[in-house]
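Below is one structure, written out as structure tokens; the observations come after it.
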């Protein structure tokens, strides 16, 4: 079974520029999550999708972050404009369903550096 | 919201010794507690999980215990090996219709000396 795929692996941009990350979940997984992991900390949930609908985006900074999962499979996370404090690893995870505590499986993330 | 505290932040053991990592959570409604292992440059890998209707779970050299009354859970690794060296994260979730949001602890860097 193929795991969660993310691209790019690394991205370096200057502050105020925009950036986008892509995620392809495990086949058949209805629920997709985006997490932000700042160096030395645990991951923090940004947004959760159930198929193509948003379940929880309470911790997403909506003035600069946006995410979509139009066909209920792949997802993109965008930051516009980027700030220095956005430097982090952005992790995508997926699970079979978003309730009954199905295990979440993570990709290897995109490491974002803001200059 | 949920708050998860994890201790210690770093742990150094000799190969073959046991390692114990402890977490406490604040929300008594949390009912799912996974543990993840994260190696450098990789995403977190699920190694074991436990649900609130179970007090202990074991998988080979890894075991997790849960005390719902005290709101704490622990990871036990026996006969540690150098390849166990990594950062370990505990997490908690309430599940249900509110979604499956994981709240993570701050992580424990485990170093196993050969």
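Protein chains in written order, with our numbering: chain A, 266 to 380; chain B, 416 to 529. Glycine included, C-beta positions come from ideal geometry on N, C-alpha and C.
*Just the C-alpha distance for residue 469/B and residue 339/A, rounded to the nearest angstrom, thanks.*
35 Å
*CB contact flag (residue 311/A, residue 458/B, <7 Å)*: no
*asked:* Taking a contact to mean a Cβ-Cβ separation below 7 Å, would you say residue 517/B touches residue 434/B in this structure?
replied: no
*Delimiting residues of the beta strand (DSSP E) encompassing residue 555/B*: Residue 555/B lies beyond the stretch modelled for chain B, which goes from 416 to 529, so this question has no answer here.
*Applying a beta-carbon distance threshold of less than 9 Å, which residues of chain B neighbour residue 306/A?*
519, 521 and 522
*Hey, residue 464/B and residue 447/B are a contact pair by Cβ (cut 8 Å); roughly how many whole angstroms apart?*
7 Å
*Are the CB atoms of residue 325/A and residue 314/A nearer to each other than 7 Å?*
no
*Positions along the region 437-461 of chain B whose CB lies within less than 8 Å of some CB in chain A*: 446, 447, 449, 451, 456, 457, 458, 459, 460 and 461
_I need the DSSP call for residue 490/B, collapsed to helix, strand or coil._
strand
*Note down, in chain order, every chain A residue with its Cβ under 8 Å from the Cβ of residue 508/B.*
366
*Contact set between the region 337-360 of chain A and chain B, restricted to residues whose Cβ is under 7 Å from the partner*: 356 and 360
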